[in-house]
Structures are given as C-alpha cells and as structure tokens.
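Report on one structure; see the data block that follows.
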Amino acid sequence: KKDNKTKDEL
Amino acid sequence: MNVFRLAGDVSHLVAIIILLLKIWRSKSCAGISGKSQVLFALVFTTRYLDLFTVFISVYNTVMKVVFLALSYATVYLIYMRFRNSYNSENDTFRVEFLLVPVIGLSFLENYAFTPLEILWTFSIFLEAVAIMPQLFMITKTGEAESITTHYLFFLGLYRALYIANWVWRYHTESFYDLIAIVSGVVQTIFFCDFFYLYFTRVLRGRGKMTLP
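Structure follows, in structure tokens:
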C-alpha cells in the first residue's frame, strides 16, 4: 500500500 | 527536500510571478491563454485541499497558499481587470477534450477511491495537460512575446527538475510515485518542442518567438 510521501511535494 | 525539488519549486514560483508581473505592468494579457490559467487554478485548488486535513511543514503550507493566491490573481487579471486585452478569439482550445478524459482517468487510476485521493489524482493528470491551450494559442497565432516564452521556459523547467528530484528520491529513499512520475514525464514532453524553439529563436534572436 502506498504512503503519502509525494504529498509533501507541490 | 533536495536541491532538485527546491530548484523546481523556485522555478515554478518564478514562472507564475513572471506571468503575473507581465500582465500587471503591461496592463494587458494579450497572447495569454485564460483557459490554461483557469486550468492551473483548478489544479492548485483540487491538489491543495489537504491544507485543511494535514499539516506537512511551514514551507509546504506557505507555498501552497502562495500558489493558490497567485493563480487566482492571474485569472482575475485576465478575465476581470484586463479582460479588454484578452484574445478570446485565439484562445479556442476545447478544454472539455482535456477535462473529460482526465476526470475519467482519475476515477480509474488512483491510490484510493476516496474524494480527496481522486481529486489529488485529477490535479496531477490535469496539470500534465493544462498548458495545451496556451501552446495551441501560440501555434495558432504563430508567435509569442519573449516574456511569455520566459514564463513557459520556467514552467517547463519546473517539471523537468521534479523528474530529477524523483530520480534522486528513488535512489536515496527507494521511493517512487508512479502517478506523479508518469504524469510529470508526459507534462515535460509537451515542453520539449517549445524548449527547442526557445533556445534556437528566443535566446539567440531576442524579442518575439515566431513559428516557421
């Protein structure tokens, strides 16, 4: 399952 | 955060400010696609809904708010304040041809079937194609003012730097986000033809970019 780590990108 | 990511964000900010200042100083949005700017405002709006749900960092929150404010200010200048200078007759790209497939695709391909995730995916897919009305307008009129081309250069550079950021993150964190990467590569490819014209015509010739 994917975490939300690119969500810190703009 | 790495140097590519930071340079990408700065490049993105520079692009948006160049466009806003150009319109503000010349009191004209001639040659600018209002449709592309509305799509970018929609991209930021649907992507940054997480401003209300999670806190990531001060940098993240400030940049999101700045991008939102600047994109809405740009749309305001084009459609309200300087609407007399808006070339709507040349801004004829049919955005529904972008929106319908992008909406469909974001429902089919996402990380979770929740409203926020679908809207995030929608924003990533839409950003990849949002510049098409602007590029279409330049192709139609056959020219672009140099400041408009500087705007497009920094906008394209931003996504190209993000690709370098993803390569870096893959190697250092073993992390990758396929939706973001595929869309980002597609988005950057749209700029390749423009980059070629920018380097061969605008930077050497100074002044307007004219198409052959």
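Just so you know, the protein sequences line up as chains Z and A, in that order. According to the working numbering, the first sequence is numbered sequentially starting from 1. According to the working numbering, the second sequence is numbered sequentially starting from 1. Where a beta carbon is used, it is the ideal one built from N, C-alpha and C, also for glycine.
Residue range of the alpha helix (DSSP H) that residue i falls in?
i: tyrosine 111 (chain A); result: From DSSP, tyrosine 111 (chain A) is part of no alpha helix (DSSP H); its letter is neither H nor E.
i: lysine 64 (chain A); result: 58-76
i: glycine 207 (chain A); result: That residue, glycine 207 (chain A), is in no alpha helix (DSSP H); it is neither H nor E in DSSP.
i: asparagine 165 (chain A); result: 146-173
i: serine 11 (chain A); result: 3-26
i: methionine 132 (chain A); result: 132-141
i: lysine 5 (chain Z); result: Element bounds for lysine 5 (chain Z): n/a, residue is neither H nor E.
i: aspartate 193 (chain A); result: 178-197
i: leucine 49 (chain A); result: Unbroken run through leucine 49 (chain A): none, as it is neither H nor E.
Residue i: buried (16+ other C-beta within 10 angstroms of its C-beta) or exposed?
i: lysine 27 (chain A); result: exposed
i: leucine 161 (chain A); result: buried
i: asparagine 165 (chain A); result: buried
i: asparagine 2 (chain A); result: exposed
i: tyrosine 170 (chain A); result: exposed
i: aspartate 8 (chain Z); result: exposed
i: leucine 21 (chain A); result: exposed
i: threonine 172 (chain A); result: exposed
i: arginine 5 (chain A); result: buried
i: phenylalanine 209 (chain A); result: It should be pointed out that residue 209 (chain A) corresponds to methionine in this sequence rather than to phenylalanine. Its Cβ being crowded by 16 or more others within 10 Å, methionine 209 (chain A) is buried.
i: lysine 1 (chain Z); result: Confidence at lysine 1 (chain Z) is low in this model, with a pLDDT of 40, below 50, so the placement of that residue should be treated as unreliable; the coordinate-derived value is given next. Lysine 1 (chain Z) comes out exposed.
i: lysine 5 (chain Z); result: exposed
i: arginine 159 (chain A); result: buried
i: asparagine 84 (chain A); result: exposed
i: threonine 114 (chain A); result: exposed
Name the DSSP bridge partner or partners of residue i?
i: glutamate 117 (chain A); result: Per DSSP, none; premise fails for glutamate 117 (chain A).
### Query
Taking contact to mean at least 3 C-beta pairs separated by less than 8 angstroms, is the stretch 37-50 of chain A in contact with the stretch 180-200 of chain A?
no
### Query
Between the stretch 142-155 of chain A and the stretch 198-208 of chain A, are three or more C-beta pairs nearer than 8 angstroms?
yes
### Task
Count the C-beta pairs between the stretch 98-109 of chain A and the stretch 122-138 of chain A that are closer than 8 angstroms, then say yes if the count reaches three, no if not.
yes
#### Entry: Stretch-stretch touch, CB-based, cutoff 8 angstroms, three pairs: the stretch 7-19 of chain A with the stretch 57-77 of chain A
yes
### Message
Beta carbons nearer than 8 angstroms to chain Z: which residues of the stretch 54-72 of chain A have them?
### Response
Val54, Ile56, Ser57, Asn60, Met63, Lys64, Phe67
### Query
For the stretch 170-181 of chain A, which residues have a CB atom closer than 7 angstroms to at least one CB atom of chain Z, in sequence order?
Hits within the stretch, in order: Phe175, Asp177, Ala180.
### Query
If contact means a Cβ-Cβ distance below 7 angstroms, which residues of the stretch 183-210 of chain A contact chain Z?
none
### Query
Is it a yes or a no for the stretch 133-140 of chain A touching the stretch 175-183 of chain A, going by three-plus beta-carbon pairs under 8 angstroms?
no
### Residues within the stretch 9-30 of chain A neighbouring chain Z, beta-carbon criterion of under 9 angstroms
Asp9, His12
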